[in-house]
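In the UniProt record's numbering, the protein residues as written are 1 to 271.
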């Protein structure tokens, strides 16, 4: 009798990352799984987001009240606690605009509140991860490309957030593309950044908003503009993977930007 050999079954993970996402958004999970090596797994938990309708439909500009409500207790707390009940290695918050509204200090208080539910599993969020990514890349002058469904006020709050974190924001604006997740193409996003953002001469660019289709643009865009490109889900995954002890797995990722060639600085983690 020949020796039995089991097929790959998903149990042999080097890291498991949990991600909290808006209830009607498939973007964060899709992009994280696209970047993940075969032995890294993504596990999602959902929180109702009042600005989204079934099928992922949104208004052209999202109102701010649902953005704030997304991170109010108890729903996000419960979602984190349910994720943390699983044997995960890190947890990521796949939502950008709430941190814009909270500001850097408010975001830290949110992390401290959620830490009471994580069983000690390290937790990160998109903007916190982006700040760690900029520092790891040595970038101080940054540009923020926000989704078209962010209004000017929300975009300005994002600039204020990164200003609080010590960065010089040389450009911030909702990108000039259709305000519809399904209509944003990688080609259109690259063209807009190349023509509108790159001339501002930042040292790095962040495509903010976890619901915007962006990770497929990173490698080609870096070649075209000669700058490191961060996107919301890319930098969230990078930071969460390092928090999960997946440094070796992160180093194997070669198609999603210069960011995966660097490590977070000591002290950039959240427990």
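Here a beta-carbon is modelled for each residue, glycine too, at the ideal position from N, C-alpha and C.
*Ignore the nearest five residues each way along the sequence and tell me which others in residue 252's own chain have a CB closer than 8 Å to its CB.*
Excluding positions up to five away in sequence, the list reads 37.
*Between which two residues does the alpha helix (DSSP H) containing residue 225 stretch?*
Counted as a single uninterrupted DSSP element, the alpha helix (DSSP H) harbouring residue 225 occupies residues 218-225.
*Are the stretch 210-230 and the stretch 78-90 touching, with three or more C-beta to C-beta distances below 8 Å?*
Contact between the stretch 210-230 and the stretch 78-90 is absent, because fewer than three Cβ pairs lie under 8 Å.
*Neighbour-count burial assignment, residue 234, 16 or more Cβ in a 10 Å radius*: Residue 234 is classed as buried because its beta carbon has at least 16 other beta carbons within 10 Å across all chains shown.
*Whole-angstrom distance between residue 170 and residue 257, CA atom to CA atom*: Roughly 21 Å separates the two Cα atoms.
_Please report the distance separating the alpha-carbon of residue 272 from that of residue 42._
With the chain covering only 1 through 271, there is no way to say anything about residue 272.
*On the three-pair Cβ rule with 8 Å, is the stretch 194-203 touching the stretch 104-118?*
No, the stretch 194-203 does not touch the stretch 104-118.
*Can you tell which of 224, 242, 211, 178 has its C-alpha closest to the C-alpha of residue 20?*
Nearest option by C-alpha distance: 211.
*asked:* Taking the alpha carbon of residue 189 as the reference point, which residue from 60, 126, 176 has its own alpha carbon closest?
replied: Nearest of 60, 126, 176 to residue 189, Cα basis: 176.
_I need the DSSP call for residue 135, collapsed to helix, strand or coil._
Assignment of residue 135 by DSSP, reduced to helix, strand and coil, places it in the helix class.
*Spatial neighbours of residue 164 in its chain, beta-carbon cut-off 7 Å, leaving aside the 5 residues before and after*: Taken in chain order, the residues that qualify are 103, 104.
*Indicate the three-state DSSP secondary structure (helix, strand or coil) for residue 185 in the structure shown.*
Three-state DSSP puts residue 185 in coil, outside helix and strand.
*asked:* Helix, strand or coil for residue 215? Go by DSSP, reduced to three states.
replied: Residue 215: helix per DSSP, three-state reduction.
*asked:* Below 8 Å on the Cβ atoms is my contact criterion, and I expect residue 246 with residue 40 to pass it. Report the Cβ-Cβ distance as a whole number of Å.
replied: Their Cβ separation, rounded to whole angstroms, is 6 Å, which keeps residue 246 and residue 40 in contact under 8 Å.
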